[in-house]
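Following: one structure in structure tokens, then a few remarks.
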Amino acid sequence: MRPGAEPVLEVRDLTTRFDVKRGFFGRLAGRIHAAEKVSFALRPGETLAVVGESGCGKSTTGRSIIRLEQPIGGEIRFAGEDMTRLDDAKEARLRRGVQFVFQDPFASLDPRLTVGFSVAEPILTHRLLSGRAVQDRVAQLLTQVGLGPEHARRYPHELSGGQRQRVCIARALASEPQVIIADESVAALDVSIRAQVVNLMMRLQREMGLAYLFISHDMAVVERISHRVAVMYLGQVVEIGPRQAVMNDPQHPYTKRLLAAVPVPDPARRGHDRGLDDSEVPSPLRRPDDPPEVAPLVPVGPDHFVARHHVGGLY
């Protein structure tokens, strides 16, 4: 990680909403505020983990950055270039420079295509290489993620879950990106395989200077891989800061609840009251004329910010 480097990806006030329509005529009944004025910056070699429970908007944020979902507002800058309004050339640069690794490797690989063709597809799409050089590059990528060149001839159903996710990582690397968005990329794997894939991602980051936007609900994995942590709740970032500051000194009540829900392996600490909250999570669905209040983030420590109306223990 290079602390003084210019951000490779900047997101400012990113907003994505989904209309909910009902009735025969499709009357607008409400809006789901999936991401509401989300802002952060990501530097080369850095991992920013975005955490929160299911439905908090973390996956929508990642998908909106590369336009798998269409945001309705905000600004996205990649490598210093404004990507808010995309023409064909900008979209090609964004898709090449920012790659996505999905949660389910089996669903994200075409079962009709060999592993080699799936990995080669970004190379062919962006016209990076041709002819024999494509095959050589595929073999190199597979080796880089811990597989062998012989895996290029296999189909996804012939591989294990961990091997399929390695293929997805190789495919993401094929376009030589600067940023990889990993959306719950190890959640579907066994614990031992999960550790191997996390270690692989960390090694690739050291070797290639990759920046990761690591979306997860697994706080143990987040503590292992991240440099900074952003906590999302009901579509908003409510706390963001260095990993140790957020993990060891959480300021937002929701962050404290997330950490309290993590199992404690130490028997001596299991009896301590950690303030678990079993109340129902509010819905992000609101009336069309009732947008949520977005609290600005204020500093509470070095590079550590929390939603303003929660400072001082207020919720």
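Quick note: the sequence shown uses numbering that gives the first Met the number 0, first residue 0, plus one each step. All C-beta atoms in this analysis are idealised placements derived from N, C-alpha and C, irrespective of residue type, glycine included.
Can you have a look at residue i and say buried or exposed, based on whether 16 or more other CB atoms are within 10 angstroms of its CB?
i	result
K57	buried
G312	Reliability fails at G312, whose pLDDT of 47 lies under 50, so the model's placement of it is uncertain and no value is given.
Q250	buried
Q162	buried
L284	exposed
G130	exposed
Q235	buried
E209	According to the sequence shown, residue 209 is Leu rather than Glu. Per the 10 Å Cβ criterion, buried.
A229	buried
P290	exposed
F213	buried
R227	buried
P281	exposed
Y314	Confidence in Y314 is poor, its pLDDT being 44 and thus under 50, which makes the residue's placement unreliable; the coordinate value appears in the next sentence. With fewer than 16 Cβ atoms within 10 Å of its Cβ, Y314 is classed as exposed.
P121	buried
P70	buried
A4	exposed
Output needed for residue i: all residues of its chain with C-beta closer than 6 Å, excluding positions within five of it in sequence on either side, in chain order.
i	result
E74	R11 and T83
A138	P148
R170	S117 and V118
G72	T14
L93	F77 and M82
Look at residue i and residue j and say whether their C-beta atoms are less than 8 Å apart.
i	j	result
A33	E9	no
R151	V114	According to the sequence provided, residue 151 is Ala. The question's Arg does not apply to it. Yes, the Cβ-Cβ distance between A151 and V114 is below 8 Å.
V305	V221	no
H156	P241	no
T124	T59	no
V133	A119	yes
P295	R307	yes
A141	Q164	It should be pointed out that residue 141 corresponds to Leu in this sequence rather than to Ala. In this structure, Q164 does not lie closer than 8 Å to L141 by Cβ.
L35	V293	Here the sequence assigns Glu to residue 35, which means Leu is not the residue at that position. Result yes, Cβ atoms of E35 and V293 sit closer than 8 Å.
V315	L13	As shown, the chain starts at 0 and ends at 314. That puts residue 315 outside it, with no answer to give.
V178	G44	no
A219	V261	yes
S315	Q98	With the chain represented from 0 up to 314, any question about residue 315 goes unanswered, as that position is not in the structure.
A186	D217	yes
Just confirm the distance between the C-beta atoms of residue i and residue j, as a whole number of angstroms; I'd bet it's less than 8 Å.
i	j	result
Y232	C55	6 Å
G61	D182	5 Å
I192	G145	At roughly 11 Å, the Cβ-Cβ gap does not stay under 8 Å, so I192 and G145 are not in contact.
E85	R66	Here the sequence assigns Leu to residue 85, which means Glu is not the residue at that position. So it is a contact: roughly 7 Å between Cβ atoms.
S184	Q102	6 Å
I31	I180	Not quite, the Cβ-Cβ distance comes to about 21 Å (not below 8 Å), so this is no contact.
L172	Q143	7 Å
With a threshold of 8 Å on Cβ separation, who are the neighbours of residue i within its own chain once the five nearest residues in sequence on each side are excluded?
i	result
P6	A40, L41, R42 and R76
K89	E80 and M82
C167	V100, F101, P104, S107, L108 and S184
L27	D18, V19, K20 and P287
A91	H125
P176	R95, G96, V97, Q98 and L209
Please list, in chain order, all residues of the same chain as residue i whose beta carbon is under 7 Å from its beta carbon, the five residues on each side excluded.
i	result
R205	none
R153	T113 and V114
Y253	V230, Y232 and V237
G29	V19, L284, R285, R286 and P287
V297	F304, V305, R307 and V310
F201	Per the sequence shown, the amino acid found at residue 201 is Met instead of Phe. Result list for M201: I224, in chain order.
E68	T15, T59 and R62
P110	Y154, P155 and H156
Would residue i pass as an interface residue toward chain C - the criterion being a Cβ-Cβ separation below 8 Å?
i	result
L188	The structure shown contains no chain C; it is built from a single protein chain.
- Query: Unbroken beta strand (DSSP E) runs of length 3 or more, entirely within the stretch 54-133: which are they?
  - Reply: 72-77 and 97-100
- Which full runs of the alpha helix (DSSP H) of 4+ residues lie inside the stretch 201-274, going along the chain? 218-224, 242-247 and 252-259
- Message: Report the start-end ranges of each alpha helix (DSSP H) in the stretch 11-48 that is 4 residues or longer and not cut off at the edges.
- Response: none
- Taking only runs that begin and end inside the stretch 125-182, name each unbroken alpha helix (DSSP H) of 4 or more residues, in chain order. 131-143 and 160-172
- Message: As an exercise, report each continuous beta strand (DSSP E) stretch of at least 3 residues that is fully enclosed by the stretch 279-307, in chain order.
- Response: 296-300 and 303-306
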